[in-house]
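Engineer:
Numbering (the working numbering), first residue to last: -4 to 218.
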């Protein structure tokens, strides 16, 4: 799963590629977490980067405010499960990011890693979104990130990873296509050579910590 990620100022280049700009309220996050309002581009407003809440309260939940937020959806079943199917077919989005975190189980607990593209460039996760649950206290659209199998290069850290969309698939993902099998086909893992991972400070364990030192290698950040 993906429960934390980073969004540095370099994601401005993604906004430019999407013929948009980061909104005035955007601030970099080096420890982005569920419930925060973070930058996405939706298929219904493809030329605009907006701040959506990470974590979807199921549309059928009668007690939205007390319901668990869903932060991830599996690529293999996103077109089957009723919780996600409608959003997958009609409400897709691009989630701007520059890296994400996973925790590897070790003998003394868990060790945090940051995972990025091999060239450290920013990228987009494949996401789905929905209008806020009418029973929720939230007033902005909500999104979750789609996950897939991790490549061998990082599978020893975690066997799942968020889908990092190939730029060649952005337009298709954001289109009004009804080729749902084709959409699922682009939700594939990256190749080993496309990713890199390194340990980071355990300060990332605390969501209250959100500064640039979190993305430094553990040795440099004095973990």
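Each residue gets a CB set at the ideal place from its N, CA and C atoms; glycine is no exception.
1) Look at residue 109 and residue 195 and say whether their C-beta atoms are less than 8 Å apart.
2) Would you mind working out which of 34, 15, 14 and 145 sits nearest residue 3, comparing C-alpha positions?
3) Could you check if residue 201 is buried or exposed, using at least 16 other CB atoms within 10 Å of its CB as the buried criterion?
4) Short of 8 Å in beta carbon distance, which residues of its chain neighbour residue 217, apart from the five on each side in sequence? Order them along the chain.
5) In the stretch 32 to 92, which residue ranges form an unbroken alpha helix (DSSP H) of at least 4 residues, counting only runs that do not cross its ends?
6) Nearest CA to the CA of residue 159: which residue from 173, 184, 152 and 179?
7) Residue 113: which of 40, 148, 76 and 88 sits nearest, CA to CA?
8) Which residues bound the alpha helix (DSSP H) around residue 167?
9) What three-state label does DSSP hand residue 189 in the structure shown?
10) Look up residue 119 in the DSSP assignment and give the residues it is bridged to.
11) Can you tell me which residues form a DSSP beta bridge with residue 109?
12) For the stretch 18 to 27 and the stretch 113 to 133, state whether three or more C-beta atom pairs, one from each stretch, are separated by less than 8 Å.
13) For a test of the three-state rule: what should DSSP assign to residue 143, helix, strand or coil?
Structural biologist: Walking through what the data contain:
1) Their beta carbons are under 8 Å apart, which means residue 109 touches residue 195 by this criterion.
2) Comparing alpha-carbon positions, the option among 34, 15, 14 and 145 lying closest to residue 3 turns out to be 34.
3) exposed
4) Interpretation of residue 217 is limited by its pLDDT of 43, a score under 50 that renders its predicted location unreliable; the figure taken from the coordinates is listed afterwards. The residues are 196.
5) 77 to 85
6) 184
7) Answer by Cα proximity: 148.
8) 165 to 169
9) helix
10) 91
11) 96 and 193
12) no
13) strand
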